[in-house]
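Asker:
Residue numbers (our numbering), protein chains in the order written: chain P, 1 to 113; chain H, 1001 to 1393.
(1) In the structure shown, what three-state DSSP assignment does residue 1157(H) receive?
(2) Apply the 10 Å Cβ neighbour rule to residue 80(P) and answer buried if 16 or more other Cβ atoms are within range, or exposed otherwise.
(3) Is the CB of residue 66(P) under 7 angstroms away from at least one CB in chain H?
(4) Could you check what DSSP says for residue 1365(H) in three-state terms: helix, strand or coil?
(5) Please compile the residues from chain P whose C-beta is within a distance smaller than 9 angstroms of the C-beta of residue 1284(H).
(6) Using 10 angstroms around the beta-carbon of residue 57(P), count the other beta-carbons present and answer buried if the total reaches 16, otherwise exposed.
(7) State buried or exposed for residue 1246(H), treating a residue as buried only when at least 16 other CB atoms are found within 10 Å of its CB.
(8) On the three-state DSSP scale, how would you describe residue 1291(H)?
(9) Could you check whether residue 1286(H) and residue 1328(H) sit closer than 7 angstroms to each other, using their CB atoms as the reference points?
(10) With three or more beta-carbon pairs closer than 8 angstroms as the criterion, would you say the stretch 1028–1046 of chain H touches the stretch 1077–1084 of chain H?
(11) Round the Cβ separation of residue 1343(H) and residue 1315(H) to the nearest angstrom and send it over; I've been treating them as touching at under 8 angstroms.
(12) Note down, one range per segment and in chain order, each beta strand (DSSP E) of at least 3 residues found wholly within the stretch 1270–1335 of chain H.
(13) In three-state terms, what does DSSP make of residue 1203(H)?
(14) If we call anything under 7 angstroms between Cβ atoms a contact, is residue 1064(H) one with residue 1045(H)?
(15) Just to confirm before moving on: does the CB-CB distance between residue 8(P) and residue 82(P) stay below 7 angstroms?
(16) Counting pairs of beta carbons, one from the stretch 1301–1310 of chain H and one from the stretch 1140–1152 of chain H, are three or more of them closer than 8 angstroms?
(17) With a threshold of 7 angstroms on Cβ separation, who are the neighbours of residue 1148(H) within its own chain once the five nearest residues in sequence on each side are excluded?
(18) Quick one: what does DSSP say residue 1249(H) is sitting in, helix, strand or coil?
(19) Would you list the one or two residues that DSSP bridges to residue 79(P)?
(20) Would a check of beta-carbon distances place residue 16(P) closer than 7 angstroms to chain H?
(21) Where DSSP assigns a beta bridge to residue 56(P), which residues make up the other side?
(22) Could you tell me which whole beta strand (DSSP E) segments of length 3 or greater appear in the stretch 1211–1243 of chain H?
(23) Using only CA atoms, which one of 1094(H), 1030(H), 1075(H), 1052(H) lies nearest to residue 1016(H)?
(24) Taking C-alpha atoms, which residue in 1115(H), 1332(H), 1071(H), 1038(H) lies nearest to residue 1056(H)?
(25) Near residue 24(P), what residues of its chain come up, given a Cβ to Cβ distance below 8 angstroms and the 5 sequence neighbours on each side ignored?
(26) On the CB-based measure, 16 or more other CB atoms within 10 Å of its CB, does residue 20(P) come out buried or exposed?
(27) Closer than 8 angstroms, Cβ to Cβ, to anything on chain H: give me those residues from the stretch 44–62 of chain P, in chain order.
(28) Of all the residues that make up the stretch 1201–1215 of chain H, which are near chain P by a beta-carbon distance shorter than 8 angstroms?
(29) Just reading off the beta strand (DSSP E) that residue 1351(H) is part of, what are its end residues?
(30) In the stretch 1253–1266 of chain H, which residues sit with their C-beta less than 9 angstroms from some C-beta in chain P, listed in chain order?
(31) Cβ closer than 7 angstroms: which chain H residues qualify as neighbours of residue 84(P)?
(32) When you compare the stretch 1250–1259 of chain H with the stretch 1159–1172 of chain H, are there three or more beta-carbon pairs, one atom per stretch, that lie closer than 8 angstroms?
(33) Tell me the DSSP secondary structure of residue 10(P) in three-state form.
(34) Could you confirm whether any beta carbon from chain H is found closer than 7 angstroms to the beta carbon of residue 88(P)?
(35) Alpha carbon to alpha carbon, how far is residue 1369(H) from residue 1362(H)?
(36) Taking buried to mean at least 16 other C-beta atoms within 10 Å of its own C-beta, is residue 1018(H) buried or exposed?
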């Protein structure tokens, strides 16, 4: 069994767990096992045989995009990190990308450089 | 009767005799020979006030009194040639002997010192130095060999732009100011409110209701009047980013709270070659890295696209432990100070992950992507896009 670290935004889908266990010889097998155990979490990360593009997956500290993608081998002792981007920082207003189509007057708008 | 006694006096060497003996044991060279030594380190062992009146170009200053304790930091390579000089070639003779005893293999004392050097038309440069007040203020930096006076002068010459004066920007602005960063720019459109005070330590009850940039400026100036503060009370957009970056920033500390701003800052910084010290936080977790254009990945290499809205709650929606931005903001500041001083190993190519609940740090490798649309080999995004639309897809 490998340890899968769950990012805070996906913990609800993992019943609040910071880490879950899953098994598989490759990332694909591991995520399929994860999806079978925790379907809500699995579908957030993985679908149609692909990892969603907004989630990074690291096996033992290495981005699987720089290795063999979903075919990257996983060992029993491996730690797998699921990592979507976090926006949070300094300001206090809600993120403007949470409001698609928003007419935020100061939103970054397209223009020529 | 007391037994007869005899007192034997050892004949102590005079200064001249000791100097003569020392000079016979070391190598002395003239300026022309010294100039011909490839890869030589030049060490000025005079007192600081003599150094400040002018020194040989390229020399490092290690006063005779600190020679043994500081030479290893100044000249780490014991096998490289070392030319030591003082005013006339006497103190440097003793210094040369000390260095030989420390294992330096090719030590030479400059005959006639800087006096003869100048008499023979050798070039002398006047060092930039810190005023006595600044030497006191930054004394704990000056004591660190990796920073010292040169490093502190570099910090004082630096211009750092902070995106946001909130959770991450507060500790960053205060520690950057305390470190003596010469110019700090702050971009933030918000007003200080009560909910900020749980973590945004640059603000206080006294500045409730005032713009954050003004509140932060007051805190910075109260801490260190050496710092020039430039405020931009506006939200960063593709309309204003070029105007703000045209003010000439050496690096950006990104503490934005939303994805459109993150991608906007990334694209502009790649096009302009400005390093970005990235920090982000949520609840108990933080991420820190450094994006140095073309020397490592950019934000788009790390996160080619943002998560959907439901997976991207802000701290205003999801909450954040008050001290977390303090930890992440000071980690960003550490990276910024190292980059500004030109020292250490930065987080380029490494994403540091902090879990404050477990008190656990992890690190993952991040790489530049050849197919990155902004910093890749064949960029497809060469102008500002509609970042709101990009993040709402």
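Even glycine gets a Cβ: it sits at the ideal position worked out from N, Cα and C.
It should be emphasised that the depicted structure is a prediction, and the values quoted were computed from it without experimental measurement.
Answerer: From the atom records:
(1) helix
(2) buried
(3) yes
(4) strand
(5) 8
(6) buried
(7) exposed
(8) strand
(9) yes
(10) yes
(11) Not confirmed; about 32 angstroms, so no contact.
(12) 1276–1282, 1285–1291
(13) coil
(14) yes
(15) no
(16) no
(17) 1142
(18) coil
(19) 3(P)
(20) no
(21) 83(P)
(22) 1228–1232
(23) 1094(H)
(24) 1115(H)
(25) 2, 30, 31, 32, 33, 74
(26) buried
(27) 44, 53, 54, 55, 56, 58, 61, 62
(28) none
(29) 1350–1355
(30) 1254, 1255, 1256, 1257, 1258, 1259, 1260, 1261, 1262, 1263, 1264
(31) 1307, 1311
(32) yes
(33) helix
(34) yes
(35) 22 angstroms
(36) exposed
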